[in-house]
Every structure is written in structure tokens, then in C-alpha cells.
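**Student:**
Protein chains: 2
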Amino acid sequence: MLLVAPVDQAVRQQLTDELGQVESLFVQELQCPLECVNRLVAHVERYRGKRLRPLLVLVAGMASSPDGSTLTDDHRALATVVEMVHMATLVHDDILDEADVRRGGPTVNTLRGNETAVMLGDYMISHAYHLCSSMDNQQIARTVAHTTNVVCEGELLQLANRENWELDEEVYYQIIDRKTASLCGTCCKLAAVINDQPQKVQDALDNYGRNLGVAFQIIDDLLDLTGDEDTVGKSTGRDLTKGKLTLPLIHFRINAPQEQRDTFIKLLSSQAVNNDDSVSNQIRKMVTDFGSVQFASERASELIAQAQQALLVLPDSPARKLLHEMAQAVLTRQF
Amino acid sequence: MLLVAPVDQAVRQQLTDELGQVESLFVQELQCPLECVNRLVAHVERYRGKRLRPLLVLVAGMASSPDGSTLTDDHRALATVVEMVHMATLVHDDILDEADVRRGGPTVNTLRGNETAVMLGDYMISHAYHLCSSMDNQQIARTVAHTTNVVCEGELLQLANRENWELDEEVYYQIIDRKTASLCGTCCKLAAVINDQPQKVQDALDNYGRNLGVAFQIIDDLLDLTGDEDTVGKSTGRDLTKGKLTLPLIHFRINAPQEQRDTFIKLLSSQAVNNDDSVSNQIRKMVTDFGSVQFASERASELIAQAQQALLVLPDSPARKLLHEMAQAVLTRQF
Chain Y
848 MLLVAPVDQA
858 VRQQLTDELG
868 QVESLFVQEL
878 QCPLECVNRL
888 VAHVERYRGK
898 RLRPLLVLVA
908 GMASSPDGST
918 LTDDHRALAT
928 VVEMVHMATL
938 VHDDILDEAD
948 VRRGGPTVNT
958 LRGNETAVML
968 GDYMISHAYH
978 LCSSMDNQQI
988 ARTVAHTTNV
998 VCEGELLQLA
1008 NRENWELDEE
1018 VYYQIIDRKT
1028 ASLCGTCCKL
1038 AAVINDQPQK
1048 VQDALDNYGR
1058 NLGVAFQIID
1068 DLLDLTGDED
1078 TVGKSTGRDL
1088 TKGKLTLPLI
1098 HFRINAPQEQ
1108 RDTFIKLLSS
1118 QAVNNDDSVS
1128 NQIRKMVTDF
1138 GSVQFASERA
1148 SELIAQAQQA
1158 LLVLPDSPAR
1168 KLLHEMAQAV
1178 LTRQF
Chain B
848 MLLVAPVDQA
858 VRQQLTDELG
868 QVESLFVQEL
878 QCPLECVNRL
888 VAHVERYRGK
898 RLRPLLVLVA
908 GMASSPDGST
918 LTDDHRALAT
928 VVEMVHMATL
938 VHDDILDEAD
948 VRRGGPTVNT
958 LRGNETAVML
968 GDYMISHAYH
978 LCSSMDNQQI
988 ARTVAHTTNV
998 VCEGELLQLA
1008 NRENWELDEE
1018 VYYQIIDRKT
1028 ASLCGTCCKL
1038 AAVINDQPQK
1048 VQDALDNYGR
1058 NLGVAFQIID
1068 DLLDLTGDED
1078 TVGKSTGRDL
1088 TKGKLTLPLI
1098 HFRINAPQEQ
1108 RDTFIKLLSS
1118 QAVNNDDSVS
1128 NQIRKMVTDF
1138 GSVQFASERA
1148 SELIAQAQQA
1158 LLVLPDSPAR
1168 KLLHEMAQAV
1178 LTRQF
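Going down the list, the sequences are from chains Y and B. First residue of the first sequence? That's 848 in the working numbering, and the numbers climb one at a time after it. First residue of the second sequence? That's 848 in the working numbering, and the numbers climb one at a time after it.
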């Protein structure tokens, strides 16, 4: 994300330094007297990719600071916390998704079994809360815990709708707003809370983060449907094999002619039972030809425009400009 | 636990009322706007059994209160938090253990798949931290999160030692001290922290809880080895099929004559691959006849005596007496 968006040279250097500090804190907090645990943590550290969530904290923290560029230790701690929460959800998601590739390497569940993956995810969540509860402002821990409540609701709602071919847009948005957007909103909002910003600024940054988060998930779902595994860096086509309806599929199911819809649902049902490349290619072609992929892309663009609009509550600064560009980069990313 | 120990009538009534309040708070905190989530939570509520951990908070809170019987809202909140943490670990443990029976009913993973069990456990842990972070005294949230760090370390250490037939007593105690005793210690210690008790009392109650917790786990392991599934209320013989060495097995492996030890390890290896009742019966008979079950029972008795000794720092009261008797009941429980 950092490298995708064009960034002012001074801001880039500052963020590189800040991310380095976040990384050190991450490693330091997860350090364990048991070597068997450290080996597992070292494996998961390889998962680190875009670092979207810590970047949201850092850049929103800069943009909402009095001089537009100063960060505090609480911002660094919060950036570490949200990365731990996110990494824990990746480890647990891989169990959910039965994925065997993540960031080009084998997943923990493939290497060491579901049991270890469950516990390692728990270990990371626990450390995230532990670090959170060390911050003076208790609102941070409470908001982070509330957010993880909502993230879990989103995951459970998604699981309850597996192979529900009638899933509509409204429930789809309920799912991704909870499972993805809520944490992105919290990253940005709490960055402003740490800076003692008024409610209006907190809300605007929450709004920015949530809209960006929904768009991010729509694009994530599109990459899973149409992307290439080597470029994306994780297993693709998983939503189809897991019976997860995403925006382009929902659009097609609602708007395509009846006959095509019937064929489509048969293909979806078959792909959810037997993973077959020719079937997934057929589904991909149908929704692309009908314009449903285009529809989902446009929806993501609209959300990004709304996210960018929300930023205008902040004074102009290189950091605000970067938030604008990070949002834009969500639309163009290939991974 | 409550019903096993002989209890003063007034204390029994008070605890019944207090547990009722804890139960209400538990249900209220886990309440969700999504019906699919509420249905899952309702299923897990059936798991509630001995309620050892909330009872430890409540009775230690009474015993360390100025008049020996008064509790605060923070005690009730903490009792709810530790029960949520414990229930979450049960849900995740059932995935670890591939268990299909818990409290006489099917487990979440059997009914709804591993994915749902992982997320439901996460949902409960998250709510536990959320409730924790609402308490004024930040030491509580920090200590609870530190304890869950340690619990996860214990689970990971146990997983790393699966089918390690050379496991010794020292590492066995490291495992169970972390995965079970640490939370029991924290329940008792924080009950005293809430009462603003001096460090000496906090440490003594921590000591009580930890020794009780280690004894509890030794007995739990003995029940898994020698108990009857209907009486115990959960799948038994799981440690053998999961290649987990527990205290009587370790004692036998170290002390039995060489020839018996070789046969024993062959049986353990075979049982970890193919679950076979006749093999587990043979193992059970060997360790019982050699006196290794007796050895483990005696070790649990010694720990309970140490736990009871630690209580003498507190003034005499019906609640202190009940802590003494709860410890005793750990040794005699059949479930």
C-alpha cells in the first residue's frame, strides 16, 4: 500500500522509520520464554504484507496531529495492536478457508495442523489485548475490543450464509462492514482520539476508514474471483469453493436473465462441492461478460470517493494527501 | 463444585444469588443483534458445568473482603470474564481435541464445523476483553490479558510435545501450570486486588489458586485416563489418542522396568494412531497396577494441602472455610 501510492519523500522516510518501530514492538511483545512458540511466531511474521491497518493508524495519526506530522507512543502501540489483531484473524481465517498458501508460503494450519493455528491465533489476539490494556486511555482498549466483537459477528454471519445463493446486497454489506470495515474505521478514529481531536474529526476519520474498508473488501473479493494466485500472493477462487457469495455474483444472480441465473446457481452449487477449474472459469466468464465485475468495481470507486470526501474535515497536509492516495490505491492494487 | 463441597447455608444462598447475577451478565454481554450468533451462544451456554473459575472469584472475593462476605460489581464482572475466557477455551479445545461430546451434548465443531467453532470462541474471548476493559481498575484487564498469554503458551507447549514419549515431569508441570493453574491463580488474586488487599494476601490467594489449578488438571487427566464417559460428561481417553503424556503415564515411563516400558511406548504409539479400546484398557491396567495412578493422586493431594495452607493468611470466615472445602472437593470429584 505504502509503495503503491505516490508519497512525499519526507513522509515516506518518516513512515518507514515509524513502521520499523512498530515492527520492533510487534516482535518484542510476542517474544516468549518458550522456543516452540517463538518459532511459530517467526513463521507468521512472514505473512506481513500491505500493513494497511498500521499504516491507517500512523497516517491518520499524523494527519490529525496538531502540526500534521507528529506521532505519539500510543499511535505506535495502537498500530502494533491492530496488526496483531489482523494477523490473528489471518491465521484463524486460513482455518476457516482451509487455505494452504498465504503470502506465497504454506499456512500454519497446513504446516502444523488446525490445533496449532487456533492456539497461535489466540496467542496473538491475547497479546494484542495485553498491549492495548497497557495504554493510559482506556477508551482505546474498550473500542478495540468492541471492534473485535463486531469483526467476529461479521465472520459468523458470513459462515451462516455459506451456500446461501439468495444472499442479497444488504446482508453482504452487513458482513463486510463488520468483518473488514469496522477495524479500518477504528484504526483511523482512534488515531484521532489519541490526538484529543473533537468528535467531528473522530467521526470523519471513522467514516473514511469504513468506506475504504468496504471498498478494500470488494476489491479483495474481486481479486479472489478474477486474480492470479502468483500475483495475489494467496490461494484464489476460495470464495467459490466455500460457497461465499460476493458482490459481482450477487449482482449477476439478481439481474441476469432467468435462464442464465438457473445455470449459474447450478454451477455455484457444483463448485462448492467439487473444486473444478473449468467450472470456476465458466462462472468468472459469465459474471464478467454480464458486467457484474464492472458493477462491483464501480461500487468500490464510489465508496473510495466518499472516503476521500470525508478527509476534507482535516486541514491540508502531506499526511492528508497520503490518506487520499492510499484510498485511491485500494482500487488499483493487484494484490 | 458448589454442590460437592459442604457449604454453610447462608453462604450457599448468597453464592446461588451471586452466580445468578453472573449468569445474567454473561447472557447480556454476549447478546448480539444477529440471531445466527445468539443461537450459537445459546448452544454453548449448555456447556456450563462446575463453574469453578467464577466461584473462585466470588468466594475468594468474599473471603478477602473487609467483613468476609461482601462482593462488588467488579467481582461479578470478573467472574463473568473468567467464565467467558474458560468457555472460549473449551470451544477451541474441542477443535484441538477433535472432541465430539461436551457436557453430554454434541460440540460446536461437530455440529457446525471447525470454522464456526473457531469464530465463536473468538467472539467469546473478545467479549471477555470488552467487559474487562470497562472496569475502572486497569490492572484487571492487564492481568487477565497476561494470563491468557500464558494459557496460550501452555496449549502451544502441549501441542509441541504431542507424541513426545520422553516428556518429563518438569515440562508436564510447565504445561499445566500455564494452561490451567494460571487462570485459577488470577481468579483468586484479582478478587483480592479488587478488595484493595495488600500484596501478601494477593500472593497467598494466587498461590492457593495455582496449587488448586495444578491439582485440578492432574485429576482431570486422571479422569480422562480412568473415568467413565457418562459420569465425566465429556469424551474420555482423548489424551491417549492425541498422544498427550500425563502424570501417571510419565511416572510409569520413568519408573517401570525396562521391558514393560518398551511395551508401554509401543502401546502409546499405536493408540495415538488407531483409537482402540482394548489398547487403552491395557495401558490403563498397566499404569494402575504399577501404582502410577496412585502416585498422581497423591501428588494432587499434596498440592491441595499446599493450597489450603496458603489460605491461613486470611482471617477465619465461612468463605475461607468454603475455599478450603472447594480445594478438598477437587480431589474427590468424579466429573
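We put the beta carbon where it would ideally sit given N, CA and C, even for glycine.
Quick one: list the residues of chain B neighbouring residue 988 of chain Y, beta-carbon separation under 7 Å, in chain order.
**Tutor:** Here residue 988 of chain Y refers to the residue found at position 141 when the first sequence is read from its first residue. Those are 980 and 988, listed as they occur along chain B.
**Student:** Let's test the definition: count the other Cβ atoms within 10 Å of the Cβ of residue 1181 of chain Y and tell me whether it reaches 16, buried, or not, exposed.
**Tutor:** What you label residue 1181 of chain Y is simply residue 334 of the first sequence in a count that begins at 1. Residue 1181 of chain Y should be labelled exposed.
**Student:** Three-state secondary structure (DSSP) at residue 912 of chain B?
**Tutor:** Here residue 912 of chain B corresponds to residue number 65 of the second sequence, with the count starting at 1. If DSSP states are grouped into helix, strand and coil, residue 912 of chain B belongs with coil.
**Student:** Over what stretch of residues does the alpha helix (DSSP H) that includes residue 1009 of chain Y continue unbroken?
**Tutor:** Stepping through the first sequence from its first residue, residue 1009 of chain Y is reached at position 162. First-last for residue 1009 of chain Y: undefined, no H or E at that position.
**Student:** Residue 1022 of chain B and residue 1037 of chain B: beta carbons closer than 7 Å?
**Tutor:** Locating residue 1022 of chain B in the second sequence gives position 175, where the first residue counts as 1. Locating residue 1037 of chain B in the second sequence gives position 190, where the first residue counts as 1. Cβ distance not < 7 Å, so residue 1022 of chain B and residue 1037 of chain B don't count as in contact.
**Student:** Between the C-alpha atoms of residue 1160 of chain B and residue 998 of chain Y, what's the straight-line distance to the nearest angstrom?
**Tutor:** Taking the first residue of the second sequence as position 1, residue 1160 of chain B is located at position 313. Taking the first residue of the first sequence as position 1, residue 998 of chain Y is located at position 151. Distance between the alpha carbons of residue 1160 of chain B and residue 998 of chain Y is about 45 Å.
**Student:** Name the two residues that bound the continuous alpha helix (DSSP H) containing residue 1028 of chain B.
**Tutor:** Within the second sequence, residue 1028 of chain B is the residue found at index 181, counting from 1. Run containing residue 1028 of chain B: none; DSSP gives neither H nor E here.
**Student:** Under a CB-based cut-off of 7 Å, is residue 1048 of chain Y close to chain B?
**Tutor:** As a position in the first sequence, residue 1048 of chain Y is number 201, starting the count at 1. Closer than 7 Å: no.
**Student:** Are there three or more Cβ pairs, one per stretch, closer than 8 Å when the stretch 878 to 896 of chain Y is compared with the stretch 985 to 996 of chain Y?
**Tutor:** No, the stretch 878 to 896 of chain Y does not touch the stretch 985 to 996 of chain Y.
**Student:** At a CB distance below 7 Å, what residues from the stretch 919 to 936 of chain Y approach chain B? Give them in sequence order.
**Tutor:** Per Cβ criterion, the list is empty.
**Student:** Quick one: is residue 850 of chain Y near chain B, going by C-beta distance under 7 Å?
**Tutor:** What you label residue 850 of chain Y is simply residue 3 of the first sequence in a count that begins at 1. For residue 850 of chain Y, the predicted model reports a pLDDT of 48, less than 50, meaning its position is unreliable; a value from the coordinates is still stated below. No, because no Cβ of chain B sits closer than 7 Å to the Cβ of residue 850 of chain Y.
**Student:** Would you kindly work out how many angstroms separate the C-alpha atoms of residue 871 of chain B and residue 1166 of chain B, rounded to a whole number?
**Tutor:** Walking along the second sequence from the start, residue 871 of chain B turns up at place 24. Walking along the second sequence from the start, residue 1166 of chain B turns up at place 319. Cα to Cα, the separation comes out at about 23 Å.
**Student:** Do we get a CB-CB distance below 7 Å when we pair residue 881 of chain Y with the residues of chain B?
**Tutor:** Along the first sequence, read from residue 1 onward, the residue named residue 881 of chain Y stands at position 34. Taking Cβ atoms only, chain B reaches closer than 7 Å to residue 881 of chain Y, which makes this a yes.
**Student:** Anything in chain B within Cβ reach of residue 942 of chain Y, meaning under 9 Å, just list it in chain order.
**Tutor:** The sequence position of residue 942 of chain Y within the first sequence is 95, counting from 1. Residues of chain B passing the Cβ test: 942, 961, 962 and 965.
**Student:** Looking at the structure shown, is residue 961 of chain Y part of a helix, part of a strand, or coil, going by DSSP?
**Tutor:** Here the question's residue 961 of chain Y lines up with position 114 in the first sequence. Three-state DSSP puts residue 961 of chain Y in a helix.
**Student:** Roughly how many angstroms separate the alpha carbons of residue 857 of chain B and residue 912 of chain Y, rounded to a whole number?
**Tutor:** Position 10 of the second sequence, counted from the start, is the residue given in the question as residue 857 of chain B. Position 65 of the first sequence, counted from the start, is the residue given in the question as residue 912 of chain Y. Going from the Cα of residue 857 of chain B to the Cα of residue 912 of chain Y covers about 58 Å.
**Student:** Here's a check: name, in chain order, each residue in its chain whose Cβ is nearer than 7 Å to the Cβ of residue 1131 of chain Y, leaving out the five neighbours to either side.
**Tutor:** If you number the first sequence from 1, residue 1131 of chain Y lands on position 284. Same-chain partners within the cutoff: 1072 and 1073.
**Student:** Could you check which residue in B:1019, B:1013, B:924 and B:1064 has the C-alpha nearest to that of residue 1108 of chain B?
**Tutor:** Here residue 1108 of chain B is taken as the residue at index 261 of the second sequence, counted from 1. Out of B:1019, B:1013, B:924 and B:1064, B:1013 has the C-alpha closest to the C-alpha of residue 1108 of chain B.
**Student:** Under 8 Å, with one C-beta from each stretch per pair, do the stretch 1129 to 1145 of chain Y and the stretch 1022 to 1031 of chain Y reach the 3-pair mark?
**Tutor:** Segments in contact, no.
**Student:** Would you say residue 995 of chain Y lies against chain B (beta-carbon separation less than 7 Å)?
**Tutor:** On the first sequence, position 148 is the one that residue 995 of chain Y refers to. It does; some Cβ of chain B falls within 7 Å.
**Student:** Between residue 1042 of chain B and the rest of its own chain, which residues show a CB-CB distance below 6 Å, the 5 nearest in sequence each way excluded?
**Tutor:** Here residue 1042 of chain B corresponds to residue number 195 of the second sequence, with the count starting at 1. The residues are 911 and 912.
**Student:** Would you give the residue range spanned by the alpha helix (DSSP H) that residue 1132 of chain Y belongs to?
**Tutor:** Translated into the one-based positions of the first sequence, residue 1132 of chain Y becomes position 285. Element bounds for residue 1132 of chain Y: 1124 to 1136.
**Student:** Beta carbon of residue 822 of chain B, beta carbon of residue 1095 of chain B: below 7 Å?
**Tutor:** For residue 822 of chain B there is no data in the structure shown, the boundaries of chain B being 848 and 1182.
**Student:** Hey, how far is the Cα of residue 918 of chain B from the Cα of residue 1049 of chain B?
**Tutor:** Position 71 of the second sequence holds residue 918 of chain B. Position 202 of the second sequence holds residue 1049 of chain B. Rounded to the nearest angstrom, the two C-alpha atoms are 16 Å apart.
**Student:** Within its chain, find whatever has a CB closer than 6 Å to the CB of residue 863 of chain B; leave out the 5 residues flanking it on each side and keep chain order.
**Tutor:** In the second sequence, counting from the first residue as 1, residue 863 of chain B sits at position 16. Excluding positions up to five away in sequence, the list is empty.
**Student:** Would you mind sorting residue 1051 of chain Y into buried or exposed? The rule is 16 or more other CB atoms within 10 Å of its CB.
**Tutor:** Here residue 1051 of chain Y refers to the residue found at position 204 when the first sequence is read from its first residue. It is buried - the Cβ of residue 1051 of chain Y has at least 16 other Cβ atoms within 10 Å.
**Student:** Measure the alpha-carbon distance for residue 906 of chain B versus residue 1063 of chain B and round it to whole angstroms.
**Tutor:** Position 59 of the second sequence holds residue 906 of chain B. Position 216 of the second sequence holds residue 1063 of chain B. The alpha-carbon atoms of residue 906 of chain B and residue 1063 of chain B are separated by roughly 17 Å.
**Student:** Under a three-way DSSP split, which group does residue 971 of chain B fall into?
**Tutor:** Residue 971 of chain B sits at position 124 when you count from the first residue of the second sequence. Note: residue 971 of chain B maps to helix in three-state DSSP.
**Student:** Please list the segments of the alpha helix (DSSP H) lying wholly inside the stretch 1068 to 1120 of chain B, counting only runs of 4 or more residues, in order along the chain.
**Tutor:** DSSP runs (the alpha helix (DSSP H)) wholly in the stretch 1068 to 1120 of chain B: 1076 to 1079, 1085 to 1088, 1094 to 1102 and 1105 to 1120.
**Student:** Between residue 916 of chain Y and residue 908 of chain Y, what straight-line distance do the alpha-carbon atoms span, to the nearest angstrom?
**Tutor:** The residue labelled residue 916 of chain Y in the question sits at position 69 within the first sequence. The residue labelled residue 908 of chain Y in the question sits at position 61 within the first sequence. In a straight line, the C-alpha of residue 916 of chain Y is about 8 Å away from that of residue 908 of chain Y.
**Student:** Please state whether the Cβ-Cβ distance between residue 1018 of chain Y and residue 1150 of chain Y is less than 7 Å.
**Tutor:** What you label residue 1018 of chain Y is simply residue 171 of the first sequence in a count that begins at 1. What you label residue 1150 of chain Y is simply residue 303 of the first sequence in a count that begins at 1. No, these two residues do not count as a Cβ contact at 7 Å.
**Student:** Which residues, taken in chain order from the stretch 996 to 1022 of chain B, show a beta carbon closer than 7 Å to some beta carbon of chain Y?
**Tutor:** Per Cβ criterion, the list reads 996, 999, 1000, 1002, 1003, 1004, 1006 and 1007.
**Student:** At the 7 Å Cβ level, is residue 884 of chain B part of the contact set with chain Y, yes or no?
**Tutor:** Reading the second sequence from its first residue, position 37 is the one you call residue 884 of chain B. Chain Y, which has a Cβ nearer than 7 Å to the Cβ of residue 884 of chain B, makes this yes.
**Student:** Just to make sure I have the definition right: I need the residues of chain Y whose C-beta is within less than 9 Å of the C-beta of residue 1029 of chain B. Which are they?
**Tutor:** If you number the second sequence from 1, residue 1029 of chain B lands on position 182. Simply none; closest approach about 12 Å.
**Student:** I want to verify the contact list: residues of chain Y whose CB lies under 7 Å from the CB of residue 974 of chain B, in sequence order.
**Tutor:** Against the second sequence, residue 974 of chain B aligns to sequence position 127. The answer, in chain order, is 996.
**Student:** Determine, using beta carbons only, whether residue 969 of chain Y comes closer than 7 Å to chain B.
**Tutor:** Counted from its first residue, the first sequence places residue 969 of chain Y at position 122. Chain B contact via Cβ: present.
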